[in-house]
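Reminder that position 161 of the sequence shown reads as 160 in numbering that gives the first Met the number 0, one-by-one numbering, no gaps.
Heads up: the structure comes next, in structure tokens.
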Amino acid sequence: MTAAGVHRAAATGFASSADTYAASRPAYPGEALDWLRDRMGIGPDSRVVEVGAGTGLFTRLLVETGAMVLATDPVAEMLAHLASSAPGVATAIATAEALPVAAESVDAVICATAFHWFATPQTLAEFRRVLRPGGTLGLIWNVRDIEVPWVRRLSEITDRYQDDAPRQKSQAWRSVFPAPGFSPLHETTMRYVHVGTAEEVIIGRTLSTSFIAALPSNRRTALIEEIRAMIAATPELAGKHKVHFPYVTRAYDCGRID
Numbered sequence: 000m001t002a003a004g005v006h007r008a009a010a011t012g013f014a015s016s017a018d019t020y021a022a023s024r025p026a027y028p029g030e031a032l033d034w035l036r037d038r039m040g041i042g043p044d045s046r047v048v049e050v051g052a053g054t055g056l057f058t059r060l061l062v063e064t065g066a067m068v069l070a071t072d073p074v075a076e077m078l079a080h081l082a083s084s085a086p087g088v089a090t091a092i093a094t095a096e097a098l099p100v101a102a103e104s105v106d107a108v109i110c111a112t113a114f115h116w117f118a119t120p121q122t123l124a125e126f127r128r129v130l131r132p133g134g135t136l137g138l139i140w141n142v143r144d145i146e147v148p149w150v151r152r153l154s155e156i157t158d159r160y161q162d163d164a165p166r167q168k169s170q171a172w173r174s175v176f177p178a179p180g181f182s183p184l185h186e187t188t189m190r191y192v193h194v195g196t197a198e199e200v201i202i203g204r205t206l207s208t209s210f211i212a213a214l215p216s217n218r219r220t221a222l223i224e225e226i227r228a229m230i231a232a233t234p235e236l237a238g239k240h241k242v243h244f245p246y247v248t249r250a251y252d253c254g255r256i257d
């Protein structure tokens, strides 16, 4: 962890790859908007804090609900992108353990592809502090669909470069649940396909991964060469103007209880 309480892979990797992150990360399925409205109860009168908002990929869906949104992230470079992609949304540089929000003042807390970075009892206690009684906590991730062979192969290649950076894939974030003061987690599963060139949805997505962005340039170059070779050897990818990168979107929600 850094002195500010942010994992070094996030602090250095996301700061250096903010441009790539904004350009290459997948968005979220349209059904996520239904999840926000139906499961999270978010609407035009809602006050929402997004924690770990990054470049605003999920923020734009929150804005569609009509809610008043405060987007927080500890990395200033990420929030700079958010400010340009979601103008009018209030932002604050903050960690999940110290939100700049009054007690019992928000209707929902949302973490999109972020909670694994700060899944601690202290964080959940902070979320409970800012939520009004009956408020909701939502966690959502885009997860690679490794049932597809080339996606599984890509993950095998990139996993070799992982350090101790927290990942959704490890499921370690689940250890803080069931959590005091919260109802049991409810899971909703959706599908999403990220369509674009191989450079955008495979190479760019890989380079936006925190622990890869933080690699020395020579190791990062070697990794990208290996992935390009994998693309060239895969019939559904090689020479294609557009490729389809499949994801399973997993969303979880629970409510604050007394």
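All C-beta atoms in this analysis are idealised placements derived from N, C-alpha and C, irrespective of residue type, glycine included.
Below 8 Å between beta carbons: does that hold for residue i and residue j?
i: V62; j: V88; result: yes
i: L98; j: V48; result: yes
i: P132; j: E103; result: yes
i: A111; j: W172; result: no
i: L35; j: T58; result: no
i: T188; j: R249; result: yes
i: Y251; j: L153; result: no
i: E235; j: W140; result: no
i: A85; j: T71; result: no
i: A66; j: R46; result: yes
i: V142; j: V50; result: no
i: V147; j: P215; result: no
i: E125; j: A95; result: yes
i: A26; j: L56; result: yes
i: P120; j: V175; result: yes
i: V100; j: L138; result: no
i: P43; j: R190; result: no
Excluding the 5 residues flanking residue i on each side, which residues of the same chain have their C-beta closer than 8 Å to its C-beta?
i: G40; result: D106, A107 and T135
i: T196; result: H240, K241 and V242
i: L32; result: L60, E63 and T64
i: R227; result: I202
i: S169; result: H115
Return helix, strand or coil for residue i, following the three-state DSSP convention.
i: L136; result: strand
i: M39; result: coil
i: H240; result: coil
i: G12; result: Note that G12 scores a pLDDT of 42, beneath 50, so its modelled location is shaky; the value from the coordinates is reported in the next line. Reduced to three states, the DSSP call for G12 is helix.
i: G180; result: coil
i: T248; result: strand
i: A221; result: helix
i: T188; result: strand
i: G203; result: helix
i: A111; result: strand
i: R166; result: coil
i: R24; result: coil
i: A2; result: Note that A2 scores a pLDDT of 34, beneath 50, so its modelled location is shaky and nothing firm can be said.
For the alpha helix (DSSP H) that residue i lies in, which residues bound it at each end?
i: E260; result: Missing from the structure shown is residue 260; the chain here goes from 0 to 257 and no further.
i: T122; result: P120 to V129
i: E155; result: P148 to D158
i: F210; result: S209 to A212
Taking the continuous beta strand (DSSP E) assigned at residue i, which residues delimit it?
i: T233; result: No beta strand (DSSP E) holds T233; DSSP gives it neither H nor E.
Can you give me the Cβ contacts of residue i inside the same chain, cut-off strictly under 6 Å, excluding the 5 residues immediately before and after it?
i: R204; result: S23
i: C253; result: L136, F181, S182 and L184
i: I230; result: A197 and L236
i: E186; result: Y251
Within the same chain, show all residues whose beta-carbon is closer than 7 Å to that of residue i, passing over the 5 residues directly before and after it, in chain order.
i: G128; result: The displayed chain sequence assigns Arg, not Gly, to residue 128. Result list for R128: A102, in chain order.
i: A14; result: Low local confidence applies: a pLDDT of 47 at A14 is under 50, so the model's placement there is unreliable, with the coordinate-based value given in what follows. Cβ within range, chain order: V74 and E76.
i: I256; result: G180, F181 and S182
i: Y166; result: In the sequence as presented, Tyr is not what sits at residue 166; that position holds Arg. Correct list, in chain order: H115.
i: R219; result: I211
i: D144; result: V150, P245, Y246 and V247
i: A178; result: L123
* Could you tell me which uninterrupted beta strand (DSSP E) segments, each at least 3 residues in length, are contained entirely in the segment 47 to 109, listed from first to last along the chain? => 67 to 72 and 89 to 92
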